[in-house]
Each structure stands twice: as structure tokens, then as C-alpha cells.
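The block underneath contains the structure these notes are about, expressed in C-alpha cells.
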Amino acid sequence: MNNALVPVKSDESLGELIQLVSFNLDQEEYGVDVLKVREIIRMPTVTRVPNTPHYVDGVINLRGKVIPIISMRKKFGLMEVENDKQTRIMVMDVDGELMGFIVDAVSEVIRISGSEIQPSPAVVASGIDQECIAGVINQAERLLVLLNLEKMFSQDEKQVFGSL
Amino acid sequence: MPPIDCEDQELLEGFLAETTELLEKLDDDLVALEKSSEDSELLNRIFRSIHTVKGASSFLGFDLLVKVTHKTEDVLNRLRKGELLVNPEIMDVVLEATDLVKILVSDIKSGDIQEREIDGTIAKLLPLLSETAAVQPQAPPTEAEPKENGSTQSNPAEQAQPIEPSAPAPGPDPSAVTKPEATPTPPQKIGGDIVPKKAATPIKPAEGKGEDLSDNTTVRVDVKRLDDLMNQVGELVLERNRMIQINQNLQQGDVNKVDFNEEFSKLTKRMNFVTSELQMQVLKMRMLPVEKVFKKFPRIVRSMARDLGKEVDLQIFGEETELDRSVVDEIGDPLIHLIRNAMDHGLETPDERIAVGKPRVGTLVLAAVHEGNQIIISIKDDGRGIDTDRVGRKAVEKGLISEEQLSAMSQRELFDLIFLPGFSTKEKASDLSGRGVGMDVVKTNIKKLNGLIEIKSEKGLGSEFILRLPLTLAIIQSLLVEVEGEIYSIPLSSVLETLRVDQRQFHLIGGQEVLKLRDMVLPLMRLQKIFNVQQHYEQNDFCYVVVVGAADKRMGLVVTRLVGQQEVAIKSLGNYLANIPGIAGSTILGDGRVTLIVDPVGLIDGGEGGSGR
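Protein sequences appear in the order of chains A and B. Reading the first sequence from the start, the letters are residues 1 to 164 in this note's numbering. Reading the second sequence from the start, the letters are residues 1001 to 1613 in this note's numbering.
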């Protein structure tokens, strides 16, 4: 899966350069802005939190701070799989709050220029909210879905979080 | 110079601390002003500082101080209005005056008040005031009148300026200053207990915003407490070294197991001791006397008593009781509402009181006391008490409960009705109360603080609201319980008792499991169900019931096993998971795992809603 990944040469000069962290989820490759990613950790023990949306796996202790863990697979309605050696938690900054997202594997940091981002086609993988897809990066050998974390949770979901 | 009453000592200390702080800043500000004379913000700040010192010292009767600050203030006022321009000469004089103020303050601080030569400095200030003042000496006497505190030698009219707009200026300003002197009279109506405090409050508004700001962001810590803390830290460092040593020995393999065990258990004990000491110390530093909240009440009570035409004697006890600043910040609102409630609903008017044979002046007692790990605040009035019949009727009228519910209610449940949002016995909402919000606020805030409310009331004799609050919100004692393999932590402050019972003793009333506990029927709640925990063990007849109380309700939580009691530091779950029903927060156990803290109050209130999931 990783053989096609060649860091992009960044001299396209169109638009500003963006650095993305790319990760894998059910055969697809996704990217998020590197500035949003705080750290990438292996799976620790997750404490289940009752009465939360199904995609909230629980909370973990991140060096004394308790942060919620969200399963990307569950969130996007993908098939659930056992965690393996590649499974990682990407700790990211979402609206000023730290949150951990479980992904299948984290591959690398790539640079692209803003102009390479295309709007996403009307129909993308069924479970994923169109909302949180900021665009698609279509390069010779790869297709990368750019996620917008701020839109990860719809207003409704934030409401649910807030008023459960 | 009049000596200070001993009972005003605290006031004096406050005055000194505040004045010292102001003067310290004043120096810097004055110097800065000389450099940037256009900065009106800065000038205003200086003016306010001097004004505050003047107000406070005139209230405390430090005449010399008043004279100097008054004149300085006048000069600054002119600067502020642009009638004088900042120049080195003026600044010299102002700075000299400031120095004189400092000397006077330090005199007061040392308790050795002496007559000092101040006329020299004042004489220097005076020309700045009168030079240009000659043109319009006939300022309207009405405006000049309030200004005359008897402390100034020069006629205020002299200070009225040739420039037209300045003439009315002295008006509003001295009125603010005269306030402190005016107030000591009215409190006598209310009762001796609160006179000193009462009198102190009017100064507050003059302090300005800067004071408030620093109040919340900086802490004043007793040096002794700091020293103690340093000692403890020293101990901790020693223990750490010891630990490194033990580890080294172990790595090198030159210890036998028995020795190591002994050494290590000793170390553990000492570590335990030092950390808990350290924790106490830090906790103490966060402590504030509850007086911080209480001191604004005399003023509130007084103005409310006037508005309502009632006569009240407010008695405050235990204002030195300390509690965590996080709690102090939160209890202000609920207390105001409770006091308001007692004033408006509890206490009768003087005529009514005489009619029922009570003393004309009502009594309102506000008391705070420590009890173990809790602080207990009680608000007690000797008014008409809670009329449970009326409360019940109103609740039915407003559709908050049904007739059947009402008839089944105990006295305690009836009292509890007043906490329902939207409940009010008032026909019409007034400025003070009657919107049915206040008590709801009280309940919500107390709940937020993990506190309990208890109501004692007897019709015709008065009511008492008792708040039980934890000393701190950061670290709590908790009971760790196991629910089918998952560990949860229950705040010990709400745990009343724990029992080991046979599940066959449970009864079912209308689908609700209950347990007969002595003379009481205890509703039960299975944490396993509420938290959707998967069955982990085989069915066992015996289980444990943790009896929890919140506000004034009781409930039994059914758990698999009790793990033990532990002190835990509360960690928030962050914004996204902040409002999970039944969960108050989380904490991290010794092994690094996260454990959720159960919110008994939330469970009791939202029992039905929560279990449905």
C-alpha cells in the first residue's frame, strides 16, 4: 500500500505549500494539515465512556491529560477491524480541544501546493460526510482525501456532545 | 490623629495592603506620565489611585493623609481636565506629595502615628490650584457644599476654574468621596454586628477595575506558607535521591530481595507522607477566607431591607473559614439568591412581625464552618418559614407536578419543590424575586460544586438552608467501585453508606427496584444498566449497594464490588464529552488508566432519562 508514496517535489510554485500528514483508513489515503496534528501515538488502554455516540471509543490518559478517542472507521461508517501493530492514534487539535483519532496507519508527511487541491467529486465513499472533505489531491499515482477537522463533527453532533 | 478601633484592625490591614500596592504602582505611573503626558488613560489611573487612597483614609480617619491626598487629587484632576499641563515642576510637587503619603502610610503601618509637617508640601500644591483660579471664584455654593469635608483649608470655590466646563466638575467627584463618611449612620438601624463591614463596602466602587483584575489572577501567599512548601519540596528531593539510589543498587544487583523490599517500602511510606503534605500545602495556598464572598452581603442586605421596607439584623459568623478559590468563586451567586429569598419570602415586614409577637427586627444569620472535608454554610432567618401547603398548591397550579404526586409527597419532597425551575409563590415577579429562577440557580450551582442542600423550616418560625460544599474541587476523596470489570469512582462526599446485600432482598415497585433500608425505601439504580456495561462475571446473588445522597435525595447504586477509597485529582473530559449524564469527570489511577467519576447528583436527577439508553 505504501509503495506508491513518493514525497512530492514542491516547486510547483502555484499557491502556497501545505504540509499534510497522510494516513490510511480502509485502503484509502487521507491527509490532514500537519499543523493540526499534535502527536501520533500507539494504542494505549482506552477507558470506555458510557452513553456517548458509537464512534467515541472512550478516553485515554495522555501524560496526565484526559482526551477523548474517536474511531475514524466508526465515524465514517467503515467496517470495524481489530487493532494491529500499524494502528495509531493521531492526537489532533480540533477547535482548540485535543482529540485522538484511531487510524489504520500513519504513513508520512507530504508537501503539496494549494493549487493541487481539487474539489471533491459529488459522490465519495458513502459513509463519509461530504462536509468534512476539504478536497481531493489527485496526483499521478495516488489519490488523497484532504480532511477538514473543524467540520468533522456537524453542528448537530456537537450539540449531542454538548447536551447528552 | 484619632486612633483606630481594634475591631477595625482587619479593615486597616486591608487598607494598608491596598494602599501600599497602589502607591507602588503610582510611582511607576507618575514617572511614565512625565514621559508621555498625553496618555489620558494613565492619568486617569493615577487619579483613581490617589482617589482611592483618599477615600479609604478619610473613612478611617487619617486626617493628615486625607489632606495631602485631597490636594494631590485636585492637582491631578486639573491635569486630567487639561487645565494644567504636565511639566517637571508639577511632577516634582506631585511626587513629593506621593512620598509624603508613603511616609504617612508607613507611620500607620508601624502603628506609630505622629504629627508630621505636611503644610510645606501642601503649600507647594496650593499654587497649582489657585494660580488660575482667581477668575471665577463665585462657583455655585450648592456644588461647593458637598465637597467640604472639613479637611481642607482652602475654599473649594477657589478651585473652580475659569474654564466653564470645569465648574460643575467638583460636584460628582466629592459626592463619591463623601459617601464613606455618610454611611456609618444608616447601619445603626440594622444592628451592631455589621457596622464595620457595612461601612467598608462603599469604598469598594472606588477601587477601580485594576484591583478586580489582579484579584483573580494573582494570589497573595503568606511567606510562612511558602517556606513550608519549600521545606516539603526539599524533602521530596531527598526522597527522589533515595529512590535513584535504591534503583541503582538494584540494577547493580548488590542487594538481596529482603533488603530491597524493606528499603522500598520505607521509601514508599515517606514518599506518601511527603506528597500528601505537599498536597495539603498547595491546597492551603489556594484557600481563601469565605469572607471574600460574605463581605458584600451586608451592603446587599441593607439595600434590600430598604427596598422591601423590612428591618433586618444580619449576623455573620465564621467568615474566616477558608475554602478553595474555585469554590469561593462559585458560591457567591447561590448565596445571594438564598439571601434574597430569605429577605423577600422569609422575613416579614415589621408590622407583620409585631402582629405575630416577634421582635420587630428580623434576624438573618449567615454562618460558615468547617466539618471534616466539607464546609457548611447556613443561611437562617426567623421569618415565616416555608408554607408547604402553599408551595404544593402553587406547584400543581403551575403544572410542575400533578395532584397525585403532591399527595404522595413527604415534607422533604415538598421543600424540594422550591428548587424546580419556574417555581415561585409570588403572583408577580418583582425586581428582587418571583421569576422562579433564583432557587434553580442555587441548585444548579451547588450541584456543580458537588454540594448538598438541606432545608430545615418550620412554619412561622423561620427556615434554614444548609449548604454542604467540598473544600476543593481539584482533589476529592472517592470510593472506587467495580462494575462488571470496569472501575468507576464515586465522590465520597456524596456517599452516605455502603452495604453488601443479597439481590433477592430487592423489591420491585412499579418497575423500579428498591431496597428496604431500615425505615426507608431506597430506590436502586444499577450502574451496569445505566452505563451499559457488558456482563463480565457470572450472575452473583450478592452485590454491593452504595447509598448516595444529593441535595436532599437518597439513592442506592448497585455495583459488583467495592475496590477501595482513594484520593483522586479530577480531570475534565474536555468540551466534547463534558455533559455525559451520570459522569462528572475523570481521573487517572496509579497505573495510568483513566477512570470515570460518577456524578451521583446527575444520576438522581436524570435517573429515568439516563437508564433508557
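For glycine and all other residues, C-beta sits at the position ideal for the given N, C-alpha and C. In this text the structure is predicted, and so the values were computed from the model without any measurement.
For this session: With 9 angstroms as the C-beta to C-beta threshold (strictly closer), list the residues of the region 42 to 54 of chain A near chain B in chain order.
Result: P44, T45, V46, T47, R48, V49, P50, N51 and T52
Exercise. Quick one: which chain A residues come within Cβ less than 8 angstroms of F1531 (chain B)?
Worked result: Position 531 of the second sequence, counted from the first residue, corresponds to residue 1531 (chain B). Correct list: P50 and N51.
Problem set entry | Integer-rounded CB distance, given that Q1281 (chain B) should sit under 8 angstroms from Q1232 (chain B) | Here residue 1232 (chain B) refers to the residue found at position 232 when the second sequence is read from its first residue. Here residue 1281 (chain B) refers to the residue found at position 281 when the second sequence is read from its first residue. About 6 angstroms; that satisfies the 8 angstroms criterion.
Exercise. Thinking C-alpha only, which one of A:S107, A:R111, A:G96 and A:L17 is nearest Y89 (chain A)?
Worked result: Here residue 89 (chain A) is taken as the residue at index 89 of the first sequence, counted from 1. Rather than Tyr, the amino acid found at residue 89 (chain A) in this sequence is Ile. If we check each option's Cα against that of I89 (chain A), A:S107 comes out closest.
Problem set entry | Interface partners of K61 (chain A) on chain B, CB under 8 angstroms | Taking the first sequence and counting its residues from 1, one reaches residue 61 (chain A) at position 61. A small fix is needed here, since residue 61 (chain A) is Asn in this sequence, not Lys. What N61 (chain A) touches in chain B: I1588, G1592, R1593 and V1594.
For this session: Starting from the N-terminal side, write out each stretch of the beta strand (DSSP E) that is 3 residues or longer and does not extend beyond the region 25 to 78 of chain A.
Result: 28 to 33, 37 to 42, 56 to 62 and 65 to 71
Problem set entry | Inter-residue spacing [alpha-carbon to alpha-carbon] between D1259 (chain B) and R1242 (chain B) | As a position in the second sequence, residue 1259 (chain B) is number 259, starting the count at 1. As a position in the second sequence, residue 1242 (chain B) is number 242, starting the count at 1. Each residue's alpha carbon lies about 14 angstroms from the other.
Exercise. Based on Cα-Cα distance, which residue from B:D1313, B:R1302 and B:Q1279 lies nearest to D1324 (chain B)?
Worked result: Against the second sequence, residue 1324 (chain B) aligns to sequence position 324. The residue with the shortest Cα to Cα distance from D1324 (chain B) is B:Q1279.
For this session: Would you mind listing the alpha helix (DSSP H) stretches within the region 1098 to 1135 of chain B that are 4+ residues and don't spill past its ends, in chain order?
Result: 1119 to 1130
Exercise. What residues from chain B crowd round I219 (chain A), counting only those whose CB sits closer than 9 angstroms?
Worked result: The shown model of chain A, from 1 to 164, leaves out residue 219 (chain A), and the question about it has no answer.
Exercise. Which runs of the alpha helix (DSSP H), 4 residues or longer, sit entirely within the region 1024 to 1081 of chain B?
Worked result: 1040 to 1060 and 1063 to 1081
Problem set entry | Residues that N1575 (chain B) contacts on chain A, provided the C-beta gap is smaller than 7 angstroms | Residue mapping note: residue 1575 (chain B) aligns to position 575 of the second sequence, counting from 1. Chain A residues near N1575 (chain B): E97.
Problem set entry | chain B contact residues for I67 (chain A), given Cβ-Cβ distances below 7 angstroms | Residue mapping note: residue 67 (chain A) aligns to position 67 of the first sequence, counting from 1. Chain B residues near I67 (chain A): G1574.
Exercise. Between I1490 (chain B) and P1581 (chain B), what straight-line distance do the alpha-carbon atoms span, to the nearest angstrom?
Worked result: Position 490 of the second sequence holds residue 1490 (chain B). Position 581 of the second sequence holds residue 1581 (chain B). Each residue's alpha carbon lies about 14 angstroms from the other.
For this session: Put T1498 (chain B) into one of helix, strand or coil per three-state DSSP.
Result: Locating residue 1498 (chain B) in the second sequence gives position 498, counting from the first residue. Three-state result, T1498 (chain B): strand.
For this session: Take the Cβ of I1354 (chain B) as the centre, count every other Cβ of all protein chains shown within 10 Å, and call the residue buried at 16 or more, exposed below.
Result: Numbered from 1 along the second sequence, position 354 holds the residue referred to as residue 1354 (chain B). Per the 10 Å Cβ criterion, exposed.
Problem set entry | Residue environment, M1343 (chain B), which counts as buried when at least 16 other CB atoms sit within 10 Å | For the purposes of this step, residue 1343 (chain B) is taken as residue 343 along the second sequence, with counting starting at 1. That one is buried.
For this session: Would you tell me roughly how many angstroms separate the C-alpha atoms of I1122 (chain B) and V1301 (chain B), rounded to the nearest one?
Result: On the second sequence, position 122 is the one that residue 1122 (chain B) refers to. On the second sequence, position 301 is the one that residue 1301 (chain B) refers to. Roughly 41 angstroms between the two C-alpha positions.
Problem set entry | Buried versus exposed, by CB contacts within 10 Å (16 or more), P50 (chain A) | Here residue 50 (chain A) refers to the residue found at position 50 of the first sequence. Result: buried.
Exercise. Counting only beta-carbon atoms, is P1581 (chain B) nearer than 8 angstroms to chain A?
Worked result: Here residue 1581 (chain B) refers to the residue found at position 581 when the second sequence is read from its first residue. It does: the Cβ of P1581 (chain B) has a partner Cβ on chain A nearer than 8 angstroms.
For this session: Report the residue from B:I1377, B:S1407 and B:Q1251 whose alpha carbon sits nearest the alpha carbon of D1389 (chain B).
Result: On the second sequence, residue 1389 (chain B) is found 389 positions in, with the first residue counted as 1. Measuring from the Cα of D1389 (chain B), the nearest candidate turns out to be B:S1407.
For this session: Label P1421 (chain B) either buried or exposed according to how many other C-beta atoms from any shown protein chain fall within 10 Å of its C-beta, with 16 as the threshold for buried.
Result: Counting from one through the second sequence, the residue named residue 1421 (chain B) turns up at place 421. That one is exposed.
For this session: Consult DSSP for R1504 (chain B) and reduce its assignment to one of helix, strand or coil.
Result: Taking the second sequence and counting its residues from 1, the one referred to as residue 1504 (chain B) is at position 504. DSSP places R1504 (chain B) in helix when its eight states are reduced to three.
For this session: Could you tell me the distance, in whole angstroms, from the CA atom of V1521 (chain B) to the CA atom of A1305 (chain B)?
Result: Within the second sequence, the letter at position 521 stands for residue 1521 (chain B). Within the second sequence, the letter at position 305 stands for residue 1305 (chain B). The alpha-carbon atoms of V1521 (chain B) and A1305 (chain B) are separated by roughly 43 angstroms.
Exercise. With contact counted as at least three CB pairs below 8 angstroms, one residue from each stretch, are the region 1506 to 1517 of chain B and the region 1474 to 1493 of chain B in contact?
Worked result: no
Problem set entry | the region 1478 to 1491 of chain B: positions lying closer than 8 angstroms to chain A by Cβ | E1486
For this session: Please check if any C-beta of chain A sits within less than 8 angstroms of the C-beta of K1447 (chain B).
Result: As a working mapping, residue 1447 (chain B) is identified with position 447 in the second sequence. Chain A contact via Cβ: absent.
Exercise. So F153 (chain A) is in the alpha helix (DSSP H); what residue range does that whole segment cover?
Worked result: Here residue 153 (chain A) refers to the residue found at position 153 of the first sequence. No alpha helix (DSSP H) contains F153 (chain A), which DSSP labels as neither H nor E.
Exercise. Does the Cβ-Cβ distance between E1313 (chain B) and G1362 (chain B) come in under 8 angstroms?
Worked result: As a working mapping, residue 1313 (chain B) is identified with position 313 in the second sequence. As a working mapping, residue 1362 (chain B) is identified with position 362 in the second sequence. Looking at the sequence shown, residue 1313 (chain B) is not Glu but Asp. Yes, the pair counts as a contact, with Cβ atoms nearer than the cut-off.
Problem set entry | P1600 (chain B) in three-state terms, based on DSSP | The residue labelled residue 1600 (chain B) in the question sits at position 600 within the second sequence. Helix at P1600 (chain B).
Exercise. By Cβ distance, which residues of its chain are closer than 8 angstroms to Q118 (chain A), with the 5 residues on each side in sequence left out?
Worked result: Here residue 118 (chain A) refers to the residue found at position 118 when the first sequence is read from its first residue. Cβ within range, chain order: G135, V136, I137 and N138.
Problem set entry | Among B:D1605, B:D1074 and B:L1589, the one whose alpha carbon lies nearest that of N61 (chain A) | Position 61 of the first sequence, counted from the first residue, corresponds to residue 61 (chain A). Looking at the Cα atoms, B:L1589 is the closest of the given residues.
Problem set entry | Cβ-based neighbour list, D1333 (chain B), same chain, cut-off 7 angstroms, excluding 5 preceding and 5 following | For the purposes of this step, residue 1333 (chain B) is taken as the residue at position 333 of the second sequence. Excluding residues within five positions, the ones whose Cβ falls inside 7 angstroms are V1441 and N1445.
Exercise. Does the Cβ of K1266 (chain B) have 16 or more other Cβ atoms within 10 Å, making it buried, or fewer, making it exposed?
Worked result: For the purposes of this step, residue 1266 (chain B) is taken as residue 266 along the second sequence, with counting starting at 1. Exposed, because fewer than 16 other Cβ atoms sit within 10 Å of the Cβ of K1266 (chain B).
Exercise. Could one say the Cβ of K1071 (chain B) lies closer than 8 angstroms to chain A's Cβ atoms, at least one of them?
Worked result: Against the second sequence, residue 1071 (chain B) aligns to sequence position 71. No, its Cβ sits nowhere closer than 8 angstroms to a Cβ of chain A.
Exercise. Interface residues of chain A around K1295 (chain B) at Cβ under 8 angstroms?
Worked result: Position 295 of the second sequence, counted from the first residue, corresponds to residue 1295 (chain B). Chain A residues near K1295 (chain B): none, gap ~36 angstroms exceeds 8 angstroms.
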